[in-house]
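Q:
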Amino acid sequence: MRRGGVLILLIGLIFIVGAGLVFFFLQGPTSIGGTPVEATELPTEVPLVEVVRARIDIQANTLISDTSQIEIVKISQDQFNADKDFSSLTDVLGKLAIRQILAEQPIEKADLTDPGLSQQIPTAEADRARDKAYPFIVNNLSGVADQIKPGDFVDVVATFNLLRRYSYPTGQTVEEIAGQQVPVLQRELSDPNFNATKTIVQRAQVIKIIRPQVAAPDSTPEPNADTPPQSSSLPQVDASGQPINPALGGGDTTGSITQGAWTLILAVDNQEIELMEFALATNSRMILVLRGAGDSTYEPTIGATFDLLVSEFGVPLPQNLPPNVISPDQAFTPEPTRTPAPTRVP
71 MRRGGVLILL IGLIFIVGAG LVFFFLQGPT SIGGTPVEAT ELPTEVPLVE
121 VVRARIDIQA NTLISDTSQI EIVKISQDQF NADKDFSSLT DVLGKLAIRQ
171 ILAEQPIEKA DLTDPGLSQQ IPTAEADRAR DKAYPFIVNN LSGVADQIKP
221 GDFVDVVATF NLLRRYSYPT GQTVEEIAGQ QVPVLQRELS DPNFNATKTI
271 VQRAQVIKII RPQVAAPDST PEPNADTPPQ SSSLPQVDAS GQPINPALGG
321 GDTTGSITQG AWTLILAVDN QEIELMEFAL ATNSRMILVL RGAGDSTYEP
371 TIGATFDLLV SEFGVPLPQN LPPNVISPDQ AFTPEPTRTP APTRVP
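Residues 71 to 416 in my numbering are what the sequence shown lists, from first letter to last.
And the structure:
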């Protein structure tokens with residue numbers, strides 16, 4: 071037989087053997103020693119899911135405020151119950167534990183509730199009494215255009231209006247006292263107003279913001295519903311939310327600043343509450359100043375008054391100008407009408 075025929079027979083044999091092996095492996099073994107064998111399937115692996123559990127023991131009435139108290143672990147899906155278990159840390163942070171939760175125990179929804187305002191007050195800092203919740207009414211000017219969010223820190227700046235009595239000599243008269251003619255100095259009393267501005271509170275945390283409810287479009291408006299609450303801390307604004315200039319008698323109606331008034335709950339101590347209450351009682355203006363994220367610096371200030379502006383900040387003090395004395399001829403003699411000059415052709 072020629073070499074080419076042998077090669078063809080060899081290739082055909084290899085093909086037949088390969089096809090048999092493929093058929094055998096696809097069919098699987100049917101018997102071992104004459105005993106039928108059934109094919110077994112591997113069990114399906116149960117997927118893992120995340121669940122929130124306590125990292126440490128959490129006592130009842132404890133606010134879960136940071137991730138040092140909780141952690142994420144993975145358990146099999148058949149052990150997770152979506153109706154009672156948590157799968158995200160954000161769903162647990164800010165909640166209040168109503169019962170004791172042991173370490174390495176999953177946190178259930180029945181273990182937590184929304185905290186009240188007293189639980190949201192920050193804990194006491196070193197060498198400082200624990201803060202209290204104080205309501206403060208603001209609008210678009212005193213409240214940084216409604217850009218303050220819960221958790222931010224603000225400073226409170228107050229401008230006080232002070233009365234200073236002046237006694238100015240206006241002349242001298244002669245009066246008879248005990249049979250003698252005695253010169254008596256005449257004085258005029260006046261009570262000019264002076265302003266003094268000072269930062270009275272620093273690093274007050276905003277715990278909560280309460281905004282007025284928005285009425286339904288088809289509801290009947292209540293009387294004086296658009297009138298903001300009376301508070302000396304609110305700068306005067308018009309219907310568009312723009313500041314009113316007393317000299318012009320109105321404000322800019324083309325602005326788009328957030329309108330209305332809302333209440334901020336601030337965390338301050340008793341001394342700071344006394345300062346703010348005194349400022350309100352004296353009809354002083356108070357505004358909030360928003361601090362940047364992470365700004366915890368205490369900034370000492372000397373305040374601002376007219377004399378401090380001159381002595382400390384170099385504001386020039388104007389000198390008294392001599393009076394412009396108008397003669398009778400100048401006052402009562404009319405000036406001739408001025409005629410315009412002829413137009414000059416270039």
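Using N, Cα and C, we set each Cβ at its ideal position, and we do this for glycine too.
As the structure is a prediction and not an experimental result, all values here were calculated from the model.
Taking buried to mean at least 16 other C-beta atoms within 10 Å of its own C-beta, is Tyr368 buried or exposed?
A: Burial call: exposed.
Q: Take every Cβ of the stretch 197-209, pair it with every Cβ of the stretch 237-254, and state whether three or more of those distances are shorter than 8 Å.
A: Contact between the stretch 197-209 and the stretch 237-254 is absent, because fewer than three Cβ pairs lie under 8 Å.
Q: What residues in its chain sit with their C-beta under 6 Å from that of Lys64, if we drop five residues either side in the sequence?
A: An answer regarding residue 64 cannot be provided, because it is not within the stretch 71 to 416 covered by the chain.
Q: Who pairs with Ile396 in a beta bridge, going by DSSP?
A: DSSP output for Ile396 lists no bridge partner at all.
Q: I need the straight-line Cα distance from Tyr204 to Thr160, nearest angstrom please.
A: One C-alpha to the other measures close to 27 Å.
Q: Helix, strand or coil: which one does DSSP assign to Thr324?
A: Its pLDDT being 46, under 50, Thr324 is placed unreliably in this model, and the value from its coordinates should be taken loosely. Thr324 falls in the coil class under three-state DSSP.
Q: To the nearest angstrom, report how far apart Asp365 and Gly213 are at their CA atoms.
A: Going by the C-alpha atoms only, they are around 18 Å apart.
Q: So what's Ala351 in DSSP terms, helix, strand or just coil?
A: If DSSP states are grouped into helix, strand and coil, Ala351 belongs with the helices.
Q: Is Ile218 closer than 7 Å to Val271 when the C-beta atoms are compared?
A: Not in contact: Val271 and Ile218 (Cβ atoms no closer than 7 Å).
Q: Closer than 6 Å: is that where the CB of Thr367 sits relative to any heavy atom of the ligand ATP?
A: With respect to the ligand ATP, the structure offers nothing, as it holds no ligand at all.
Q: Between the alpha carbons of Lys202 and Pro176, how many angstroms are there, rounded?
A: About 33 Å.
Q: Mind checking whether Val116 and Gln147 have CB atoms under 7 Å apart?
A: It is a contact, given that the beta carbons lie within the stated cut-off.
Q: Just checking: is the beta-carbon of Val119 within a distance shorter than 7 Å of some beta-carbon in chain B?
A: Looking for chain B here will not work: only one protein chain is present.
Q: How is Pro155 classed by DSSP in three states: helix, strand or coil?
A: Position check: residue 155 holds Asp in this sequence, whereas Pro was assumed. Looking at Asp155 - three-state DSSP - the assignment turns out to be strand.
Q: Sorted by chain position, which residues of the same chain lie with C-beta nearer than 6 Å to Ala199's C-beta, five sequence neighbours on each side aside?
A: Taken in chain order, the residues that qualify are Asp339.
Q: What is the DSSP secondary structure of Gln250, reduced to helix, strand or coil?
A: Residue state, collapsed to three classes: strand.
Q: Which one or two residues does DSSP pair with Ile128 in a beta bridge?
A: Answer is Ile171, bridged to Ile128.
Q: Do Ile191 and Ala124 have their C-beta atoms within less than 7 Å of each other?
A: No, the pair does not count as a contact, with Cβ atoms beyond the cut-off.
Q: Determine, using beta carbons only, whether Ala130 and Ala167 come nearer to each other than 7 Å.
A: Contact: yes.
Q: Less than 7 Å separating the beta-carbons of Asp181 and Arg169?
A: Against a cut-off of 7 Å, the Cβ pair of Arg169 and Asp181 comes out as a contact.
Q: In its own chain, which residues sit with a C-beta less than 7 Å from the C-beta of Pro282, not counting the 5 before and 5 after it?
A: Same-chain partners within the cutoff: Gly330, Trp332.
Q: Going by other Cβ atoms of all chains shown within 10 Å of its Cβ, with 16 needed for buried, is Ala274 buried or exposed?
A: By the neighbour-count rule (16 or more Cβ atoms within 10 Å), Ala274 is buried.
Q: Assuming Asp222 and Leu360 make a contact with CB atoms under 8 Å, what is their CB distance in whole Å?
A: The pair is a contact, with the Cβ atoms about 6 Å apart (cut-off 8 Å).
Q: Going straight from the alpha carbon of Glu258 to that of Asp399, what length do you get?
A: The alpha-carbon atoms of Glu258 and Asp399 are separated by roughly 32 Å.
Q: So Thr267 and Val227 are in contact, right, with Cβ under 8 Å, and what is the actual spacing, rounded?
A: With a Cβ gap of about 7 Å, Thr267 and Val227 count as contacting.
Q: So Phe223 is in the beta strand (DSSP E); what residue range does that whole segment cover?
A: Run containing Phe223: 223-233, per the beta strand (DSSP E) assignment.
Q: Using the C-alpha atoms, what's the distance from Leu163 back to Thr137?
A: When rounded, the distance between both Cα atoms is 8 Å.
Q: I'd like the list of long-range same chain contacts for Thr375, defined as Cβ closer than 6 Å, with 5 residues on each side in sequence excluded.
A: For Thr375, where only same-chain residues beyond five positions count, the Cβ hits under 6 Å are Ala266.
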